[in-house]
Structure formats: C-alpha cells, structure tokens
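Chemist: First the structure, which I've put down as structure tokens, then a few questions once you've had a look.
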Amino acid sequence: MLLAGWLVLDLRWQLQLASRLVDTYHRFGSPASSERTRASNDGPLIAAMTGLRQKLPDTPSRIFILGKESNDYLNGRIRYHLLPHQVYGLARLPGRNQIRVGNYVLVLDGISNVQFDAERQLLKTPRSELSVEPVASIRGFGALFRVKEIGRE
Numbered sequence: 506m507l508l509a510g511w512l513v514l515d516l517r518w519q520l521q522l523a524s525r526l527v528d529t530y531h532r533f534g535s536p537a538s539s540e541r542t543r544a545s546n547d548g549p550l551i552a553a554m555t556g557l558r559q560k561l562p563d564t565p566s567r568i569f570i571l572g573k574e575s576n577d578y579l580n581g582r583i584r585y586h587l588l589p590h591q592v593y594g595l596a597r598l599p600g601r602n603q604i605r606v607g608n609y610v611l612v613l614d615g616i617s618n619v620q621f622d623a624e625r626q627l628l629k630t631p632r633s634e635l636s637v638e639p640v641a642s643i644r645g646f647g648a649l650f651r652v653k654e655i656g657r658e
C-alpha cells in the first residue's frame with residue numbers, strides 16, 4: 506500500500522514537471538531572443554530601460570533614482586539594466602553636495618513628495634528644488650530629467 510501511494514505521488518510529480526517543461530519551452534525556448542526578453546519577468550522593465558537608454562548619452566552618466574525606498578528590488582533591477590551608468594537610489598531629492606549640473610534624475614511613478622513644476626522647470630519638495638529639463642517620460646514607469654542648475658535646499 507505504501508509503495509502504491511509513493512508511485513502515485515511520483516507520477517503526479519512527473520506530470521507536473523513535464524507540464525512546466527512544456528510551458529517553459531513555449532515561453533522561452535521557441536521564440537526569438539527579443540521575444541524571450543519581453544516574456545521574461547523583467548520584460549516591462551527592459552522595455553522601459555530601452556526607452557531611457559536611447560535618451561541617455563553613450564558615455565556613463567550619474568543617474569539618481571527617486572523611489573519610495575532607496576534600495577528596494579526595483580532600484581536594484583534598474584541599476585543593473587542601466588549599467589555602465591552610475592546609478593544611485595534615493596527616497597528624496599539629492600542634496601547640493603550629491604548632485605552636479607548634467608546629472609540625471611529618474612522619478613518613478615508613485616512618488617508623492619516630489620512635484621514637477623513644468624512652468625518653472627523645477628523638481629520640488631517642501632525643502633528643496635532642482636532646476637531640471639525633462640528628457641523622457643514613460644507611461645506607468647516614471648520620468649527622466651537632466652539637472653540644469655542646483656537650487657536652494
């Protein structure tokens with residue numbers, strides 16, 4: 506009886522394994538490499554990073570990511586996909602001693618404490634502001650700005 510139960514469980518496990526193999530092959534094995542990239546877990550992120558890379562210079566630049574947390578999983582994935590740029594994660598606008606003219610600031614969607622004043626071309630919080638120019642905006646992801654000058658803090 507024990508052996509029969511063991512064989513039934515083993516058969517069920519083998520069927521699940523075969524089902525996962527077929528699913529993995531259809532998702533990653535048969536499509537072209539660009540389709541494989543889109544099908545991966547980072548597919549939407551890679552699409553967003555491709556759009557941002559086209560707006561960034563070829564030489565490595567400094568990029569500050571403003572997110573809810575400075576070192577969460579999303580910031581790590583963004584840093585990886587933007588290599589060789591120097592990317593830093595922050596939860597608020599960078600201070601005067603951290604940022605230089607020509608650096609980039611990527612403001613992720615969902616950040617409520619940072620506002621962009623399009624009329625005056627400023628990224629603002631209650632305590633600080635940066636004079637920036639918009640570079641790119643990706644719906645559902647965020648906006649990229651280039652720092653023009655350092656404001657008050």
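Start counting at 1 in the sequence shown, then tack on 505, and there's your number in the numbering used here. Where a beta carbon is used, it is the ideal one built from N, C-alpha and C, also for glycine. Computed from a predicted structure; not experimentally measured.
Check for me: the beta strand (DSSP E) holding G548 runs from which residue to which?
Modeler: Here G548 belongs to no beta strand (DSSP E); instead the alpha helix (DSSP H) covers G548 to K560.
Chemist: Quick one: give me the first and last residue of the alpha helix (DSSP H) that L510 is part of.
Modeler: In the sequence as displayed, the identity of residue 510 is Gly instead of Leu. From DSSP, the alpha helix (DSSP H) with G510 extends over L507 to T529.
Chemist: For Q591, which residues in the same chain have their Cβ closer than 8 Å to its Cβ, ignoring the five residues on either side in sequence?
Modeler: P565, S566, R567 and I568
Chemist: If you compare alpha carbons, which of E638, I655 and A553 is closest to R582?
Modeler: A553
Chemist: Please return the same chain residues whose Cβ sits closer than 8 Å to the Cβ of R558, not counting the five positions on each side in sequence.
Modeler: L587
Chemist: Candidates L512, K573 and W511: which alpha carbon is nearest N618's?
Modeler: K573
Chemist: Out of I551, L526 and P639, state which residue places its alpha-carbon closest to the alpha-carbon of Q620.
Modeler: P639
Chemist: What do you reckon, are the CB atoms on G645 and L613 nearer than 8 Å?
Modeler: Result no, Cβ atoms of G645 and L613 do not sit closer than 8 Å.
Chemist: Compare the Cα-Cα distances from K653 to each of H531, V610, L522 and S642 and report the closest residue.
Modeler: Of the candidates H531, V610, L522 and S642, the one whose C-alpha sits nearest the C-alpha of K653 is V610.
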